[in-house]
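J.: Residue numbers (my numbering): 3 to 289.
Can you keep this structure in mind? I'll have questions shortly.
Shown next, in the form of structure tokens:
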């Protein structure tokens, strides 16, 4: 794979907010602003398109990945509480977090990391052991779980070292899942009942140097954007490498906002905004 800049973005990345500890999990709200996590600070911040920053939730239980469900509620992967929480958003304000998933098989989850929602309401999240000691780990595998509306977590994939970012293709026929420690992105076929089948390699992130796939998103044409060591790696739906979006800091996660072509990237201490040629695919929200 020859490293070159991607043809999917326009201009240079714009740093619109900085001074954080380690930022993650951006999600754009229909209210017209971005939310993102600062994991060590145990805060969720609000960021307006003009660059105004304010604390939206504190403490956040060291939240990581964030997304919205079909009802427009905020779902958060919380390292500190080892759970996935759900919260109503009332007039743009935090309605208070409550548990969505905290246990599997009578044992605590490891450390929920990133999360995505299928358009019918099924919630998928990754559960690596980041942030906990080996003797604290109760789950024997580092897995991906699915939660049906009103149900309990169901283990849907476990062939991972460190499962991390995940995202559906636009038609939701396949689910991409990054394995940070194995330096790869896997892809699965998704059944109507939510089960995952036919695991196969989509992208090898070990060349030209080992990179750890982190957060990822797709645009409306199915191109995959993967946060990695050198920047955001972009791939066509057939896995052809479309190039790199370079950044001054190592990116961790990403989300589209504004008019659908502003690509927000959380990268270590800063949030960057990049204009893309193709619009992104936001969470499906029915209001």
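We treat Cβ as the ideally placed atom computed from N, Cα and C, and that holds for glycine.
On a predicted model such as this, the values are computed, not experimentally measured, just so you know.
Can you tell me whether residue 242 is buried or exposed? The criterion is at least 16 other CB atoms within 10 Å of its CB, across all chains shown.
T.: The residue is exposed, with fewer than 16 neighbouring Cβ atoms inside 10 Å.
J.: If you draw a straight line from the C-alpha of residue 130 to the C-alpha of residue 221, how long is it?
T.: Distance between the alpha carbons of residue 130 and residue 221: 26 Å.
J.: Could you tell me whether the stretch 17–27 touches the stretch 261–276, where touching means 3 or more Cβ pairs closer than 8 Å?
T.: The stretch 17–27 vs the stretch 261–276: in contact.
J.: Compare the C-beta of residue 182 with all C-beta atoms of chain D and state if any pair is closer than 8 Å.
T.: Considering every chain present, this structure includes no chain D. It has just one protein chain.
J.: For residue 55, tell me which candidate among 70, 69, 37, 254 has the shortest Cα-Cα distance.
T.: That would be 37, whose Cα lies nearest to the Cα of residue 55.
J.: The ligand NAP and residue 247: does any heavy atom of the ligand fall closer than 7 Å to the residue's C-beta?
T.: By its list of ligands, the structure shown contains no ligand whatsoever, and the ligand NAP lies outside what it can speak to.
J.: Check each candidate in 94, 20, 104, 117 and name the one with the smallest Cα separation from residue 257.
T.: Measuring from the Cα of residue 257, the nearest candidate turns out to be 117.
J.: Buried or exposed, going by whether 16 or more other CB atoms sit within 10 Å of the CB of residue 179?
T.: With 16 or more other Cβ atoms within 10 Å, it is buried.
J.: Can you give me the C-alpha to C-alpha distance between residue 146 and residue 164, rounded to a whole angstrom?
T.: If you take the alpha carbons of residue 146 and residue 164, they lie about 10 Å apart.
J.: Flag this pair as yes or no: are the beta carbons of residue 225 and residue 244 separated by less than 8 Å?
T.: The answer is yes: Cβ separation under 8 Å.
J.: Give me the Cα-Cα distance between residue 123 and residue 6, rounded to the nearest whole angstrom.
T.: The straight-line gap from Cα to Cα measures roughly 38 Å.
J.: Find the nearest neighbour of residue 239 within the set 96, 113, 189, judged by alpha-carbon distance.
T.: Here the closest residue by C-alpha is 189.
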